[in-house]
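Single-structure report; data block below.
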Amino acid sequence: MAKLTKKQKVAYDKFDKTQSYSLKDASALVKEITSVNFDASIDLAVRLGVDPRKANQMVRGVVTLPHGTGKDVKVLALVTPDKEADAKEAGADYVGLDEYLQKIKGGWTDVDVIITMPSVMGKLGPLGRILGPRGLMPNPKTGTVTMDVARAVKEVKAGKIDFKVDKTGIVHAAIAKVSFDANKIAENADELLQTILKLRPTAAKGTYVKSIYLSSTMSPGISIDAKSVN
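Everything in the sequence shown is counted per this note's numbering, starting at 794 for the first residue and increasing by one.
This is the structure:
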């Protein structure tokens, strides 16, 4: 086992790693055990009893966190000229089409979310090998392919995130910053958890939520009692 640093030892001394906590208590604890000198992100990791290799057990969705993520999300709106003004007014950081398609083709991906229109998706297809691995390919299921571009931009800026179970059966998502009040952290986490619970595949058998951990950048994970969020 790797040797713990002094900061890690201090963090572990503040909670019982063999115990599961309520969401409220874990949200307060994660603030106490974070020692980095920047506003760290707080992440939720939920292990699900599903087999992601099977299409009928895939868990994917979107959720708007009540208090946002605390992150300044950079949005690229790939739209036709008639939608540019709406996208800019809604707060998109980058707005355009062909010039940004060329930049992406050259390897530029300095954005967090790409929002586009159904008529533009054909042009994005060839860029799938660049955008896909980075999780940037727009998708109608997550609301990033829409005719109402302005609304989509506003929702993303306000704290709308999309999540997807990975190949190991875990949903990872950044849900807050350490600077958030503990209650706001708990409310954001609960919003995501309740959304995941509603998406339980009918084909999934046995225990659906196997474990939940809350952590911040470089902090230990705090186990949350899964029964307390059902």
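Don't be surprised by glycine CBs; every beta carbon is placed ideally from N, CA and C.
- The segment 996-1012 and the segment 869-889 do not touch, with fewer than 3 CB-CB distances between them shorter than 8 Å.
- Burial of D836 is indicated by the presence of at least 16 other C-beta atoms within 10 angstroms of its C-beta.
- It is roughly 15 Å from the alpha-carbon of A951 to the alpha-carbon of T935.
- DSSP, reduced to helix, strand and coil, places G889 within a strand of the structure shown.
- Here N981 is buried. Its C-beta has 16 or more other C-beta atoms within 10 Å.
- Under DSSP, Y1001 forms no beta bridge with any residue.
- Approximately 15 Å separates the beta-carbon atoms of L858 and V1022; this is outside 8 Å, ruling out the contact.
- In the structure shown, the three-state DSSP call for A883 is helix.
- Separation of the CB atoms of Y814 and I1017 is rounded to 6 Å, and the pair is thereby assigned contact status at 8 Å.
- Between P931 and I968, the C-beta gap is not smaller than 9 Å, which leaves the two residues out of contact.
- Around the beta carbon of Q850, 16 or more other beta carbons sit within 10 angstroms, so the residue counts as buried.
- DSSP, reduced to helix, strand and coil, places V852 outside both helices and strands of the structure shown, so it counts as coil.
- Between the segment 1005-1020 and the segment 865-879 there are fewer than three inter-stretch CB-CB distances shorter than 8 Å, so the stretches are not counted as touching.
- With a cut-off of 8 Å on Cβ pairs, the segment 944-962 is in contact with the segment 841-850, counting three or more such pairs.
- Taking the Cα of V823 as reference, the smallest distance to any Cα among D983, F973, L986 is reached at F973.
- The DSSP-derived three-state label of S1009 is strand.
- Rounded to the nearest angstrom, the gap between the Cα atoms of A996 and V852 is 11 Å.
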